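No gaps in the numbering here: position 68 of the sequence shown is 57 in the working numbering, and each next residue is one more.
Even glycine gets a Cβ: it sits at the ideal position worked out from N, Cα and C.
It should be emphasised that the depicted structure is a prediction, and the values quoted were computed from it without experimental measurement.
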Amino acid sequence: LLGIGTLFLYLGYFTQCFISESVIHSVHSKDPERISGFAGYYGQAFHYSAFAISSLFSAGLQHYFSSKWILFISTVLFAVYHLGFFHINSYYFYFSQVMMGFAYSLYNNGEGAYIAEHSSRRTVESNSGIETAAIYGMFFGVTLLAMLTFAFLPTKQYDSIASNSPRIIPSFKTQIKELAKTFVHPNMLLLFFTFLYMGILVSFFLGIYPTTLSFTASLVQDTYIVAFYSGAVGLAELSGGVFVRPMIKKLNKKRKLLVVMLVHVVVVISGTILFLLSVPERSTIEPNDGSSLLLKPNRYIACAIGYLIGMGDFTLTMARVIICQVAVPQNRNEVFSLTRIYQCISSCVVLFLSTYMTVTCWSTVLLTGMVIGVTTFLIVARNTSSETNKVSPVKNFFISKLNRKETSKEELAKTFVHPNMLLLFFTFLYMGILVSFFLGIYPTTLSFTASLVQDTYIVAFYSGAVGLAELSGGVFVRPMIKKLNKKRKLLVVMLVHVVVVISGTILFLLSVPERSTIEPNDGISLLLKPNRYIACAIGYLIGMGDFTLTMARVIICQVAVPQNRNEVFSLTRIYQCISSCVVLFLSTYMTVTCWSTVLLTGMVIGVTTFLIVARNTSSETNKVS
């Protein structure tokens, strides 16, 4: 039933992924005011961003709802998204993309929990394989039927993985009371302003400033400037972890947060001043050829702003993790949830208002928000430091007893730094790239290639080839792999994956005009003339690649950190959607050659780290007494 329900759900989801960018681009060409021509890409970026954020807390909903009702709720939100295509509206489109991101997070947690509840260690591989074959085999059904199917899933637990793990389930009423208590706690009332500011900062460096790079006339010809900016942000985050954090750790405990916020203030003020002086006034709103206040915008200034704002994000994120543990220590889960809510509220508000906010307005909002947010943060930091010093020995005893039971967020943190998960980080970054490619990028090239415009059914044939690959994977590949020695199964699965992905990528490179991933064009391909048969071949090969990687993912998520399976599922999806979000934002600059390079490089790194984890878990299993 789980496989059939998911099959119904994915029919609607994957079908719209294949055609959404083409449909929206068509609507934009007829009515440019209604929606952006690249809203398909940006909408998916919103979707994956919401997915990443909600994955941080959606696992906790299993305390409130059984796995089948989590699946049911997720399909309701998927249906809300599909309704938007009856009359495309940009506001509803982006909003429903966010809802679908949350729905996808719920679905993945519900799916993982349901498999764990109904599988033993002996049957988990076969059960996940049955589900995968049903999902991708027939591709038959509708989202509404998925809702009904999930509503009637049986809830009985057998001698399952999940039933053998102790779990404390607080009542829903109790959890609501705890959330309300946390909401009105003095420290949380103060942190409200800090996390409103954090939402503004994140919206600025992820969306607003990169947009100005495209809207500034003097930078239009620099097609790689956004990539350089993105790299500078990443370099800031990396150098923060490698250099800044170790230095701050050496400080006195009372001064750590103060120094972190001092660094934050310096870099954000510097970045905002550079932004104010180098970006034309209306470049946050519309394409224009206006002049900047003082500095001529260029690649180097963009990188400098990226590094400074990236370091600002690193320091604020570092401070957030610490303060969330001590602001209301007895309700850490609720604190994390509320801070995300505050952050999302401010992000939502500023993104809606961004069409009216000039460079000066953004600079003012950023600096004002920073002053208020940092001030309230430091007040809370001082309060918690004082309260910690006042704790009596008796209270310390009871707190130490209570703290032995780790919260879900602590479990997530433990899983995050587990050696196997650090390695799988690269595998699931690669999986996000692959999914973005075969769901969005390649189907878009079929609409953007002039010689294929008249073939109205080519996307349908491509979709059918992907489905056929998933079906043949479940019917033929999986049974053959099951006959192999246990130690060799995952190795063979990944070997098949490597062969089909390399073949599909080479076909893609040779048959698609260089700029067909970016815009409609009549360019020529490198060697092969694009046609329906090549599209089907690429669809089959990449579909088989997706089948094998999905099959391997389900298995490795059960054994990578077996005591924290829910957290493993959440983290793998976070990694996947982070990479999807990044490549979708950069996709308007990525040519065929660029995509081929990214796919093959990601595959080599991702498969290598996966096999290391597979070997590690195999060794650990053999050592169990």
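- In this structure Ala549 is not in contact with Leu423, their Cβ atoms being roughly 19 Å apart against a cut-off of 8 Å.
- Ranked by Cα distance from Leu247, the first of Val466, Thr539, Leu305 and Pro21 is Leu305.
- Asn287 and Pro199 have their C-alpha atoms roughly 13 Å apart.
- The criterion of a C-beta distance shorter than 8 Å is satisfied by Ser85 and Val69.
- Gly421 sits close to Cys566, with the two beta carbons spaced by under 8 Å.
- From the listed residues Ser343, Gly32, His486 and Ala603, the smallest Cα separation to Pro408 is found for Ala603.
- Taking a cut-off of 8 Å on C-beta distances, the segment 543 to 558 does not touch the segment 505 to 523, as fewer than three cross pairs fall below it.
- By the C-beta density criterion, Met469 is exposed, having fewer than 16 other C-beta atoms within 10 angstroms.
- Phe194 is the residue among Ile274, Phe194 and Ile258 whose C-alpha sits nearest the C-alpha of Ala291.
- Counting of Cβ neighbours within 10 angstroms places Met533 among the buried residues, the total reaching 16 or more.
- When Cβ pairs closer than 8 Å are counted between the two stretches, the segment 334 to 348 is seen not to touch the segment 217 to 225, the count staying below three.
- By the CB criterion at 8 Å, Ala370 and Phe303 fall outside the cutoff.
- According to the DSSP assignment, Asp302 belongs to the alpha helix (DSSP H) that extends over Arg288 to Val315.
- Proximity to Met346 across Thr201, Leu72, Leu496 and Thr433 peaks at Thr201, based on C-alpha coordinates.
- A residue is called buried once 16 or more other Cβ atoms fall within 10 Å of its Cβ, and Arg542 is buried on that count.
- Judged by DSSP in its simplified three-state form, Thr205 adopts strand.
- Rounded to whole angstroms, the Cβ separation of Ser79 and Ile24 is 4 Å, and the two are in contact under 8 Å.
- Of the residues Leu575, Thr365, Met592 and Val339, the one whose Cα lies closest to the Cα of Gly188 is Val339.
- Bridge pairing for Thr438: Asn510 [DSSP].
- Here Lys239 is exposed. Its C-beta has fewer than 16 other C-beta atoms within 10 Å.
- In this structure the segment 454 to 469 does not touch the segment 578 to 593; the number of beta carbon pairs closer than 8 Å is below three.
- Note on Thr357: under 16 other CB atoms within 10 angstroms of its CB, so exposed under the neighbour-count rule.
- Bridge partners of Asn409 according to DSSP: none are assigned.
- The DSSP-derived three-state label of Asn277 is strand.
- The C-alpha of Thr349 lies about 29 Å from the C-alpha of Ile368.
- Annotated as distal: Leu418 and Gly301, with beta-carbon spacing of 8 Å or more.
- In terms of Cβ geometry, Cys546 and Tyr451 do not form a close pair [threshold 8 Å].
- When C-beta atoms of the segment 494 to 510 are compared with those of the segment 569 to 584, three or more pairs fall below 8 Å, so the two segments count as touching.
- One Cα belongs to Leu227, the other to Val572, and the distance between them is close to 19 Å.
- Secondary structure note for Gly223: its alpha helix (DSSP H) is the uninterrupted segment Ile214 to Ser228.
- For Leu263, the closest alpha carbon among the candidates Leu284, Gly99 and Thr577 is that of Leu284.
- Relative to Thr586, the option among Ser559, Thr561, Thr494 and Ile601 whose CA is nearest is Thr494.
- For Tyr578, there is no enclosing alpha helix (DSSP H), as DSSP marks it with neither H nor E.
- Secondary structure of Leu573 (DSSP, three-state): helix.
- Residue state for Asn553 is assigned as helix, using DSSP reduced to three classes.
- Rounded to whole angstroms, the gap between the alpha carbons of Glu22 and Pro276 is 14 Å.
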